[in-house]
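Residue numbers (the UniProt record's numbering): 243 to 936.
Ideal placement from N, C-alpha and C gives every residue a C-beta, glycine not left out.
All of these numbers come straight from a predicted model, not from anything done at the bench.
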Ligand code: SF4
C-alpha cells in the first residue's frame with residue numbers, strides 16, 4: 243500500500259534498476275519516501291516509468307536490511323555484530339595476511355553494476371593502487387563483457403553508438419536476443435510507438451517476445467533460431483547482402499577499409515554461410531533469413547538493439563562483431579535512426595565498465611599495458627602500477643581452487659546466485675581465507691563470507707549512474723544511510739587501513755579525479771550535471787555538452803573494422819540424456835536475482851520462476867500445464883513448475899532466474915565466451931521430467 247501524502251520536499255534521482263536510467267522525483271516527508279514520480283525533464287524517460295522504478299523502492303527500508311557490520315572467524319561460525327572499526331580492521335588484517343602468505347596477487351575485488359560510478363572507481367582503485375595488482379572485475383563479466391570487446395574491436399569504443407531519441411527516427415529495428423518490454427520497458431514503449439508509426443521489426447530470438455505482438459504497419463519478422471546459432475544467422479544475412487550487392491559502397495569506402503571489406507565479402511560468400519546451409523544448423527527457414535537481410539539492407543535507417551541473448555554465449559563477442567559488420571556494410575552508423583545499441587540490463591553496467599572495473603583496462607577503456615595511461619595514474623595516485631592484466635572472475639575462482647587466490651572484496655553482487663555453475667563458485671569461495679561481502683542484504687554469497695559490510699541503497703547516497711545510451715545521470719541522497727556510511731566511504735575506510743591516505747569528502751571529488759584522469763570524462767563535473775541535468779560521454783573539450791551520437795564523421799578507431807565471424811558450435815550439445823536446450827530471461831516485475839523486487843509490499847512481485855515448454859515436448863514427457871517438473875543438466879538440477887506454450891519451439895525450454903528457491907544457475911554450465919569468459923547462460927542442454935515438487 244503506497245501512502246499518498248503532501249511531500250515536504252522533492253529529491254531528484256535516478257532509478258536503480260535497468261539500464262534505461264529513468265529520472266525520478268522522490269517525494270519525501272522527512273526521511274520517508276512518500277512516492278516516486280517519473281521526472282518529465284528526465285532525458286531518458288520524459289515522464290514515463292515502469293512498475294519497478296515507480297513502486298519497487300521499498301527494499302531500501304525493508305526489515306531485512308542488515309545495517310551493522312558482522313564478522314566471523316570461519317564460515318561455519320555464527321555471525322558476530324561488531325562496530326565498523328572492528329570489522330574493517332578484521333578485513334584489512336586478513337587481506338594483508340593473505341598477501342603475505344600467498345603473494346601480492348592472492349586477493350582481488352568484484353565491483354557492482356548497481357553501485358555508482360564514483361563507488362566503482364574507488365573499488366578498482368583499491369585493487370590497483372592499494373592491493374598492488376589488477377585483480378578487479380565486475381559483474382558485467384557475466385552480462386555485457388562481450389559488448390565491450392566486440393564494439394571496441396569493430397568501432398574503437400565499448401559503448402552503444404546512439405541515444406534513445408534516435409529510435410524515433412528509425413525505419414526498421416532489428417532486435418536480437420532482447421525482450422525490451424520486460425527488460426527495458428520505458429525504451430520498449432518508445433520502440434512500440436515507432437513501430438505503430440510504421441517502422442519495420444525483425445526479431446532474432448529463440449522465443450516469441452511480446453514486441454512481436456505490437457500492431458505495426460511495417461515489415462515484421464521473427465527468426466526463432468536455435469539457441470547458440472546467432473553468429474550463423476547473422477553471417478548468413480551478411481551473405482545475402484553481399485551476394486545481392488545490397489551493401490552501402492559509398493559508406494564502406496568512406497568509413498572502412500575497402501580491401502578489408504572485399505576480403506570479408508569473400509568470406510561470407512562461402513557456401514557454408516548461405517541461408518540454405520545455415521537453415522540446417524539454426525533451424526530458421528532460409529527464405530526467412532534472406533527476407534530479414536533484404537529488409538535490414540533496404541531500410542533507409544535501420545537500427546540494431548540487442549541484449550544478453552547476444553552476449554551470454556560461447557560466441558558472444560563474435561556475435562557483437564557480426565552485428566557491427568551488418569551495421570557498417572549497410573551504412574547504418576552515425577546518423578539518427580541507425581546504430582548498434584546494447585540494452586544494458588543493470589542501472590550502471592555501462593558505468594561499471596567505463597570506470598575501469600575490468601582487469602585489463604583503466605577507466606575509459608585504456609589497456610593497463612599502455613605506459614602513457616599508467617603514467618597518468620601513477621602521478622595522480624602516487625604509487626607504481628602493474629602493466630599486466632589481473633584475474634577475471636572465473637580465473638579468480640579457478641585460482642582459489644588451486645590455492646593461489648585467497649581473498650575477495652565483493653561489492654553489490656550476489657555471485658553465488660548470479661554466476662554459472664553454482665557448485666564451482668561456492669567451492670572457490672569456501673577455499674578462500676577472507677571473503678568480504680558489501681551489500682544491502684545477507685545473500686547466498688554471504689553464506690561463504692567472513693565479513694559482512696552493510697551497504698547503502700540508491701536513496702541513501704550521492705553519485706552518478708551511466709545508462710545504456712552513455713548518459714551520466716545524477717543520484718542524490720534522499721535519506722540518511724541506514725548503516726551510517728555511503729559505500730564509497732566504506733571503501734575509503736578499508737583502503738586507509740591498508741595503508742592508503744584517501745581523503746575524499748564527497749563523490750563530486752571522486753568525479754573530479756575521474757575527469758582529471760579519463761579523457762572521455764574530462765568535461766564532466768557535478769556543476770555541469772546540475773546545470774544540464776545529464777550528459778552523454780564523451781564529454782570533453784571537443785564535446786563540452788556531451789555526445790548523443792558516436793562515430794558520426796569517423797570511427798573512434800579510425801576505420802571501422804570488418805571481422806570474419808566464423809560460426810563455431812558451442813561445446814554444449816544435446817543428446818539422449820539431455821535432449822532439450824534451455825535458455826533464460828527476465829520478467830517485467832522482477833529484477834535479476836530479486837534481492838530488491840522481492841522485498842516490496844506489492845502483490846505483483848510474488849512470482850515464481852516457471853519453465854516454458856512446448857506442448858509437444860510436454861506431452862512426450864507426461865507433463866501438464868502447471869505440473870512440477872525436474873529440470874536437470876550435466877551441471878545440476880532444480881525443480882519448478884511447467885507452463886505449456888508455443889512461444890518456444892519444440893526442443894527449446896525457457897525460464898527466468900529471479901528466485902533463490904529455484905536457483906536456475908544450478909543447471910547452467912561453465913562454458914563461456916572465448917574472448918571475455920562471459921558465461922554461456924543462454925544455452926544449456928537439459929532434460930525435463932515430471933516431479934512431485936521441491
Ligand atoms: Fe527503472 Fe528501467 Fe523501469 Fe525506467 S524502465 S523505471 S530505469 S526499471
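Could I get the ranges of all uninterrupted alpha helix (DSSP H) runs contained in the segment 585 to 668, with 4 residues as the minimum, in chain order? As far as the segment 585 to 668 is concerned, its whole alpha helix (DSSP H) runs of at least 4 residues are 591 to 596, 613 to 623, 635 to 643 and 657 to 660.
Rounded to the nearest angstrom, what separates residue 690 and residue 314 at their Cα positions? As a first step, residue 690 is located in the chain shown; it is residue number 448 there, counting from the start. As a first step, residue 314 is located in the chain shown; it is residue number 72 there, counting from the start. Rounded to whole angstroms, residue 690 and residue 314 show a C-alpha spacing of 11 angstroms.
Can you confirm whether the segment 373 to 392 touches the segment 625 to 637 when touching is taken to mean that 3 or more C-beta pairs between the two stretches lie within less than 8 angstroms? These segments touch.
Provide the residue(s) that pair with residue 696 in DSSP beta bridges, ordered along the chain. Locating residue 696 in the chain shown gives position 454, where the first residue counts as 1. According to DSSP, which records beta bridges pairwise, residue 696 is partnered with 681.
Should residue 655 be labelled buried (16 or more other beta-carbon atoms within 10 Å of its own) or exposed? Working through the chain shown from its first residue, we reach residue 655 at position 413. Residue 655 sits buried, since 16 or more C-beta atoms from the chains shown fall within 10 Å of its C-beta.
Please give the ranges of any alpha helix (DSSP H) in the segment 554 to 589, keeping only runs that are unbroken, at least 4 residues long and fully inside the region. Counting whole runs of 4 or more residues, the segment 554 to 589 contains the alpha helix (DSSP H) stretches 558 to 571.
Please specify which runs of the beta strand (DSSP E), each continuous and at least 3 residues long, are wholly inside the segment 874 to 916, giving them in chain order. With a minimum length of 3 residues, the continuous beta strand (DSSP E) runs that stay inside the segment 874 to 916 are 879 to 886 and 894 to 898.
Inter-residue spacing [alpha-carbon to alpha-carbon] between residue 260 and residue 586: As a working note, residue 260 is residue 18 in the chain shown. As a working note, residue 586 is residue 344 in the chain shown. Counting only the Cα atoms, residue 586 lies some 7 angstroms from residue 260.
Please tell me whether, using a cut-off of 8 angstroms, the distance from the CB of residue 429 to the nearest non-hydrogen atom of the ligand SF4 is below it. What you label residue 429 is simply residue 187 of the chain shown in a count that begins at 1. Answer for residue 429: yes, Cβ within range of the ligand SF4.
Buried or exposed: residue 388, going by 16 or more other Cβ atoms within 10 Å of its Cβ? Indexing the chain shown from 1 puts residue 388 at position 146. Counting other Cβ atoms within 10 Å of its Cβ, residue 388 reaches 16 or more and is therefore classed as buried.
Mapping DSSP to helix, strand and coil, what is residue 921? Indexing the chain shown from 1 puts residue 921 at position 679. Correct three-state label for residue 921: strand.
Which same chain residues, not among the five before or five after residue 409, have their C-beta less than 6 angstroms away from its C-beta? Position 167 of the chain shown, counted from the start, is the residue given in the question as residue 409. The residues are 432, 433 and 436.
Using beta-carbon positions only, say whether residue 870 and residue 935 come within less than 9 angstroms of one another. Numbered from its first residue, the chain shown carries residue 870 at position 628. Numbered from its first residue, the chain shown carries residue 935 at position 693. At the C-beta level, residue 870 and residue 935 come within 9 angstroms of one another.
Out of 786, 748, 612 and 567, point me to the one whose CA is closest to residue 358's CA. Start at 1 with the first residue of the chain shown, and residue 358 comes out as number 116. That would be 748, whose Cα lies nearest to the Cα of residue 358.
Use the C-beta contact count for residue 721: other C-beta atoms within 10 angstroms, 16 or more gives buried, fewer gives exposed. The count along the chain shown starts at 1 and reaches residue 721 at position 479. By the neighbour-count rule (16 or more Cβ atoms within 10 Å), residue 721 is buried.
Should residue 500 go down as buried or exposed, given a rule of 16 or more other Cβ atoms within 10 Å for buried? Here residue 500 refers to the residue found at position 258 of the chain shown. Residue 500 should be labelled exposed.
Pairing CB atoms from the segment 539 to 546 with CB atoms from the segment 562 to 582, are three or more of them under 8 angstroms? At 8 angstroms Cβ cutoff, the stretches touch.
Do you know offhand how far residue 331's Cα is from residue 739's? Position 89 of the chain shown, counting from 1, holds the residue named residue 331. Position 497 of the chain shown, counting from 1, holds the residue named residue 739. Put simply, the backbone Cα of residue 331 is about 7 angstroms away from that of residue 739.
Host beta strand (DSSP E) of residue 265 (start-end): Within the chain shown, residue 265 is the residue found at index 23, counting from 1. 265 to 271 is the extent of the beta strand (DSSP E) around residue 265.
Could you pull out every residue in the same chain whose Cβ sits closer than 7 angstroms to the Cβ of residue 353, ignoring the five residues on either side in sequence? For the purposes of this step, residue 353 is taken as the residue at position 111 of the chain shown. Same-chain partners within the cutoff: 362, 365, 366, 378, 380, 594, 599 and 653.
Which residues share a DSSP beta bridge with residue 870? For the purposes of this step, residue 870 is identified with residue 628 of the chain shown, where counting begins at 1. Beta-bridge pairing by DSSP links residue 870 to 883.
Select from 771, 577 and 684 the residue whose C-alpha is nearest the C-alpha of residue 796. The count along the chain shown starts at 1 and reaches residue 796 at position 554. Taking only the C-alpha atoms, the option nearest residue 796 is 577.
Could you name the residues of the same chain whose beta carbon sits closer than 7 angstroms to that of residue 425, not counting the 5 residues immediately before and after it, in chain order? In the chain shown, residue 425 corresponds to position 183, counting from 1. Around residue 425, the same chain offers 260, 549, 585, 587 and 828 as residues with beta carbons nearer than 7 angstroms, after the five sequence neighbours per side are excluded.
Among 479, 457, 737 and 430, which has the Cα closest to the Cα of residue 446? Along the chain shown, one-based indexing puts residue 446 at 204. The option with the nearest alpha carbon to residue 446 is 479.
May I ask you to report which of helix, strand or coil DSSP gives residue 929? Taking the first residue of the chain shown as 1, we reach residue 929 at position 687. When secondary structure is reduced to three states using DSSP, residue 929 falls in the strand class.
Of the listed residues 687, 791 and 534, nearest to residue 658 (C-alpha basis): Residue numbering aside, residue 658 sits at position 416 when the chain shown is read from its first letter. Cα-wise, what sits closest to residue 658 is 687.
Just the Cα atoms here: how many angstroms apart are residue 629 and residue 709? The residue given as residue 629 occupies position 387 in the chain shown. The residue given as residue 709 occupies position 467 in the chain shown. So the alpha carbons of these two residues sit roughly 30 angstroms apart.
Taking 8 angstroms as the cut-off, is the beta-carbon of residue 295 closer than that to any non-hydrogen atom of the ligand SF4? Taking the chain shown and counting its residues from 1, the one referred to as residue 295 is at position 53. Yes - the ligand SF4 has a heavy atom lying nearer than 8 angstroms to the Cβ of residue 295.
Can you list, in chain order, the residues of its chain with a C-beta nearer than 6 angstroms to that of residue 638? Leave out the 5 residues immediately preceding and following it. Numbered from its first residue, the chain shown carries residue 638 at position 396. Closer than 6 angstroms at the Cβ level, and outside the excluded window around residue 638, lie 350 and 647.
Whether or not the segment 851 to 871 and the segment 882 to 899 are in contact is what I'm after, with contact meaning three or more pairs of Cβ atoms, one per stretch, closer than 8 angstroms; do they touch? Yes, the segment 882 to 899 touches the segment 851 to 871.
Considering only their Cβ atoms, is the gap separating residue 719 from residue 300 smaller than 9 angstroms? By one-based count along the chain shown, residue 300 stands at place 58. By one-based count along the chain shown, residue 719 stands at place 477. Not in contact: residue 300 and residue 719 (Cβ atoms no closer than 9 angstroms).
Which of helix, strand or coil DSSP assigns to residue 934: For the purposes of this step, residue 934 is identified with residue 692 of the chain shown, where counting begins at 1. Annotated three-state conformation of residue 934 is coil, per DSSP.
If you draw a straight line from the C-alpha of residue 742 to the C-alpha of residue 619, how long is it? In the chain shown, the residue the question calls residue 742 occupies position 500. In the chain shown, the residue the question calls residue 619 occupies position 377. So the two alpha carbons sit approximately 15 angstroms from each other.
Rounded to whole angstroms, what is the Cα-Cα separation between residue 592 and residue 641? Position 350 of the chain shown holds residue 592. Position 399 of the chain shown holds residue 641. Roughly 28 angstroms between the two C-alpha positions.
At a threshold of 8 angstroms, does residue 590 count as lining the ligand SF4 (C-beta to nearest heavy atom)? Residue 590 sits at position 348 when you count from the first residue of the chain shown. At a threshold of 8 angstroms, residue 590 does not count as near the ligand SF4, since its beta carbon sits no closer than that to any of the ligand's heavy atoms.
Looking at the structure shown, is residue 278 part of a helix, part of a strand, or coil, going by DSSP? Your numbering for residue 278 matches position 36 in the chain shown. The answer is strand: DSSP assigns residue 278 an E or B state.
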